[in-house]
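Data block below; observations after.
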Amino acid sequence: MAKFLLLAFRNIFRNRRRTLMTLFMVGGGVAGLLLAGGYFAFMTHGLREDTINSGLGHLQIFTADHFNRDEVRVLDTGIDNWRQVAATVKAGNHVRGIAPRIDFYGMVSNGTKAAGFMGSAVDPEAEMSLGFISRIESGRDLDPKSSGEVEALIGKELAKSMNVGIGDGLTVLAMTSDGALNGVDVQIVGIINSGAPERDARYLRITLPAAQRLLQSDRVTNLVVGLDSTDHTDQAYAEMMPRLNGLSQKMELKKWIDLATYYKQVNTMFNGIFLFMGIIVFFMVLMSSVNTLLMSMFERTREIGTMLAMGTPRAWIIALFMFEAALLGLIGAVVGLIAGNLLGVLLNSSGLHMPPPPGYSVPMPFKVLHVPFQMIVSSVLVVISMALASILPAVSASRLKIAEALSHV
Amino acid sequence: MDAIVDVETVSRRFALDSSPARQPAHYFVNALTNASLRVIAGEFLAISGPSGSGKTTLLNLIGCIDQPTTGRILVDGVETSKLKPGQLSTLRREKIGFVFQTFNLIPVFSAAENVEYPLLIQGVSSGERKQRVGEALESVGLSARASQRPDLLSGGERQRVAVARAIVHRPSLVLADEPTANLDTHNATQLIDLMHGLNQRLGLTFIFSTHDARLLEHTERIVRLTDGEVVSDTNMGGNRG
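Protein sequence lines correspond, in order, to chains E and D. Residue numbering for the first sequence follows the working numbering, starting at 1 and increasing by one per position. Residue numbering for the second sequence follows the working numbering, starting at 1 and increasing by one per position.
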């Protein structure tokens, strides 16, 4: 068997120019897939961490009612004794910190004009300790120790539409948990540019105590849990669930991936593009290799006839051609892996940037991640593609009429 | 005496067109017509005749790489037309050795690896292969060239490697189609002596096609073909070299 494999290996290098072209094509396909896949991986990895660090956190705790029914009154599905809940989960492994949040809605007015807002009340210290980025374009973040007028951050587009800037005042109106209308005057200390103009046209952020006064409630909407690493999400989730089940209020724990709708859409899109590219490479290698292998078969007609005349089983001839093709695919895959990774290193050190994606204003750095899974998939893909491409030439070779093959010129 | 080959009123007809169904008679050519031949084990037999006389066709039929249109052929007592392709393959692998006009060595194999090939497909163990390849190469005087690839060997050496490959698995029958046609006089004479020596020493049956007078001088028996018909079958017993 070893001799037979040796024959296949040596046959690959009989026509070096043609082999080189095939390796170039197969290797190019693998390298292309690695570069595209590596770039997609970089994009999705960046988007994942960006999504988590923008305030989503790794885990979020809600009441079960939050998902089971709509709020009749403000915060009536909120977490009642949130400090106890926070203390319960903070003792867990990998937990870096917990940030309480209130989501609320209402109207802002500058005295002459009013607009709807989507508000978020936060504990600035907790947010900062978890490294959540506020994306403040101008001004400063909320001061947790401020004792004067209520401070607020507002979205860039909302500030523009309300014609206000840093240091200006706005009146915030919202329904209390009792169903009454309440208002509070706020002073704008910072303008937020999240990169998504639609969000910035409605966004307002105040401190948690200010929101609780405004809404007349001690409850919070949810608790955001930050971990030491995204990779520990599943482990922390498994450890946290039993602790939450022991509480008097029924709680629900969500992983970041369950809440990151945009991330999932982008990830699905990239996976789809990668799959599409994989199919193109698969057929590109398949179609061009069929031709190359058929040429090789025709050139070796007399030799195959001789092997058959000597009593070589026809199945061996098929195996010989298929093994040659698979071996060629394997060498091509190795060439592609080396080329793709080298090109990736070069691109990563080149400082290239891509134009900002839709909704963003900052150019994206062009980086390629080296993903072992993609290397395996790309390599297997071309080896299978080459093996399939060899079926027609292999079967044709095995079916040659010996007498005719021996007289082939 | 045991017959190693029995050719009984064999004809082989080829269609000139690729569509064989319902063709008129003039669309066919008769390469061999009612040929009969009996070869005894250990014979050194030449099939002679001009180009197109049917020599290669007859060898192909005896070698089980083609099937007769009519008649039957027995190799070592086995009727070949009754065998399935896989069984024919086994028969060729075990009982027959081939020497071709154009040597037909595998170019990416060394001389030793080419000689080893028939043993490889028979599943002979590595140790035994090595020993038998050594013996075969020694018998054709090419032990020193064992590691050379065919492109580094002369025409005569290539044909001797082909002979070693044809005998290494100890077949009952060696078929050689115009073995000296591509050789100069010196190499042709060496090859004839070699084949005849193997026939004498090992008792191997050789059937070869040729119109090389040098080769015919060494044969014991000459079967002459003309236009696909056996026109003479002469025993040259007294003319052996």
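Positions of the beta carbon are idealized from the N, C-alpha and C atoms, including for glycine. Model, not experiment: these values are computed from the prediction.
How is the alpha helix (DSSP H) around N245/E delimited, first residue to last? T233 to N245
Along the stretch 313-329 of chain E, where does the CB come closer than 8 Å to a CB of chain D? Name the residues. P313, R314 and W316
Taking the C-alpha atoms as reference points, what is the distance between M195/D and S89/D? 25 Å
Kindly give me the distance between the Cβ atoms of M307/E and I318/E, rounded to whole angstroms, as I take these residues to be in contact under 8 Å. Contact flag wrong, Cβ pair sits at about 12 Å.
For the putative contact between T221/E and I98/E, defined by C-beta atoms under 8 Å, what is the C-beta separation to the nearest angstrom? Incorrect: roughly 14 Å between the Cβ atoms, too far for contact.
Tell me where the alpha helix (DSSP H) around L158/E begins and ends. K156 to M162
Member of N182/E, G119/E, P242/E and N271/E whose CA lies at the smallest distance from the CA of D200/E: G119/E
Tell me which same chain residues have a C-beta within less than 8 Å of the C-beta of S81/D, skipping the five on either side of it? Q67, P68, R72 and I73
Suppose contacts are defined by Cβ-Cβ distances below 8 Å. Is T185/D in contact with S48/D by that definition? no
Is the Cβ of R14/E closer than 8 Å to any Cβ of chain D? yes
Local Cβ density within 10 Å of P242/E, reported as buried at 16 or more and exposed below that: exposed
C-alpha gap between L119/D and T226/D, whole angstroms: 37 Å
Going by DSSP, which residues form a beta bridge with V382/E? Answer is none; V382/E lacks a bridge partner.
Please report the Cβ distance between D177/D and F100/D, rounded to the nearest whole angstrom; I am assuming they are in contact, meaning their Cβ atoms lie under 8 Å. 6 Å
Can you give the Cα-Cα distance for D233/D and R38/D, rounded to whole angstroms? 10 Å
Mapping DSSP to helix, strand and coil, what is R240/D? At R240/D the pLDDT is 42, less than 50, meaning the model places this residue with poor confidence and gives no usable figure here.
V163/D, DSSP secondary structure in three states: helix
Assign M43/E to buried or exposed, taking buried as 16 or more other Cβ atoms, counted over all protein chains shown, within 10 Å of its Cβ. buried
Would you say L120/D reaches chain E, if we count a Cβ-Cβ gap shorter than 8 Å as a contact? yes
Local conformation of T63/E per DSSP, three classes: strand
Going by DSSP, name the residue or residues bridged to A15/D. F28/D
Less than 8 Å between the C-beta atoms of F206/D and F44/D, yes or no? yes
Please go through the same chain and pick out, in chain order, the residues whose beta-carbon is closer than 8 Å to the beta-carbon of G131/E, but skip the five residues on each side of it. N53 and G226
Please confirm whether N326/E and A236/E have their CB atoms less than 8 Å apart. In the sequence on display, residue 326/E carries Ala and not Asn. The answer is no: Cβ separation not under 8 Å.
Residues bridged to S138/E [DSSP beta-bridge criterion]: I191/E
Looking at the structure shown, is I317/E part of a helix, part of a strand, or coil, going by DSSP? helix
Quick one: does T80/D have its CB under 8 Å from some CB of chain E? no
Buried or exposed by the 16-neighbour rule on C-beta atoms within 10 Å, applied to F283/E: exposed
Quick one: using the 10 Å Cβ neighbour count with 16 as the cut-off for buried, is Y105/E buried or exposed? exposed
Rounded to the nearest angstrom, what separates T51/E and E198/E at their Cα positions? 17 Å
For the stretch 75-86 of chain E and the stretch 204-220 of chain E, state whether three or more C-beta atom pairs, one from each stretch, are separated by less than 8 Å. yes
Quick one: grab the DSSP three-state call for K82/D. helix
Looking at the C-beta of P372/E, does it have a partner C-beta in chain D at a distance below 8 Å? no
If you measure between the beta carbons of G197/D and T33/D, is that distance less than 8 Å? no
Tell me the DSSP secondary structure of P144/E in three-state form. coil
Cα-Cα, which of I257/E, V95/E and R18/E is closest to H45/E? I257/E
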